[in-house]
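S.K.:
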Amino acid sequence: MKTNDMIIQFTAKIVFFIIFFFAIHIFLAGHYTPGGGFVGGLLASSAIVLLVLAFDIKTVRTVIPVNYTTLIGIGLLLALATAAFPMFKGDPFFTHYFDYFTLPLIGKTSLHTAMLFDTGVFLVVVGVTMTIIQTIGEDE
Amino acid sequence: MIHTLLLVALALFSLSIAITLYRVIKGPTMPDRAIALDTIGVNLLSAIAIVSIVLQTKAYLEAILILGILAFIGTIAFTKYIERGVVIERKSDR
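First to last, the sequence lines map onto chains A and B. The first sequence begins at 2 in our numbering and counts up by one. The second sequence begins at 56 in our numbering and counts up by one.
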């Protein structure tokens with residue numbers, strides 16, 4: 002059956018970037034405002050789900066060539082590395098460090114190693130959600 | 056004054072949600088129910104905005120945007136299921 006999905010596909014192309022940048026904003030603002038790795042990951046995967054709904058699953062797989070099961074592994078490894086790194090310096094497990102840096106274009110910024118742990122959570126949530134949806138979506 | 060006005064608006068939004076819930080339960084066809092659920096999502100979003108004004112906090116603004124995004128994606132999934140019988144297509148014929 003020849004179908005014509007022009008409006009939904011054009012809308013998805015624009016709204017995908019809005020949702021994805023909003024997910025990145027929520028992920029980065031999680032230390033001081035509501036949000037964080039979990040909600041950011043769910044929003045990023047919902048942006049990809051919107052693409053999967055508008056197009057089909059093979060097109061999205063060629064557009065975003067990410068193996069989501071390895072994404073889960075990378076996220077878990079990042080979280081574990083962040084937690085285990087202080088043990089090599091003589092501090093207890095899960096000790097976090099922060100300091101103030103002067104970055105170009107942004108200025109004085111406080112960078113915290115909890116951010117790396119949150120990145121691990123983000124990657125695991127995106128990987129798990131997209132693995133579930135891809136596994137249920139394709140029944141070959 | 057403004058506080059009672061906000062409470063009246065909140066009551067009207069909940070009344071609107073109740074009326075739309077009648078359409079969800081009673082609605083003769085599935086598109087009626089999908090549109091009623093979308094309307095419930097939008098009304099809920101407005102109710103959250105009014106609650107955040109009443110509580111004088113900015114903490115709910117992300118929740119408003121997320122609820123809008125989720126209502127949009129949910130409605131698209133419902134309509135694709137109603138029209139095609141499948142939510143995620145394997146390969147389109149293009």
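All C-beta atoms, glycine included, are put in the ideal place defined by N, C-alpha and C.
1. I'd like to confirm the pairing. Which residues does DSSP put opposite T96 of chain A in its beta bridges?
2. Do R88 of chain B and G82 of chain B have their beta-carbon atoms positioned less than 8 Å apart in this structure?
3. Would S47 of chain A pass as an interface residue toward chain B - the criterion being a Cβ-Cβ separation below 8 Å?
4. With distances taken from CA atoms, which of A:I9, A:G108, A:A24 is nearest F56 of chain A?
5. For F102 of chain A, write down the residues that DSSP places opposite it in a beta bridge.
6. Return yes when the Cβ of L100 of chain B is within less than 8 Å of the Cβ of L122 of chain B, no when it is not.
7. Expressed to the nearest angstrom, what Euclidean distance is found between the alpha-carbon atoms of L124 of chain A and V63 of chain B?
8. Where does M153 of chain B fall in DSSP's three states?
9. Identify, in the order they occur along the chain, each residue of the same chain with its Cβ nearer than 6 Å to the Cβ of I94 of chain B, setting aside the five sequence neighbours on each side.
10. Between which two residues does the alpha helix (DSSP H) holding E138 of chain B run?
11. For V142 of chain B, go through chain A and note every residue whose CB falls closer than 8 Å to its CB, in chain order.
12. Does F22 of chain A get closer than 8 Å to chain B when you measure Cβ to Cβ?
M.R.: Let me lay it out:
1. According to DSSP, which records beta bridges pairwise, T96 of chain A is partnered with nothing at all.
2. yes
3. yes
4. A:I9
5. A:T110
6. yes
7. 44 Å
8. The shown model of chain B, from 56 to 149, leaves out residue 153 of chain B, and the question about it has no answer.
9. The sequence shown places Thr at residue 94 of chain B, rather than the Ile named in the question. T75.
10. 116 to 139
11. L54, G138
12. no
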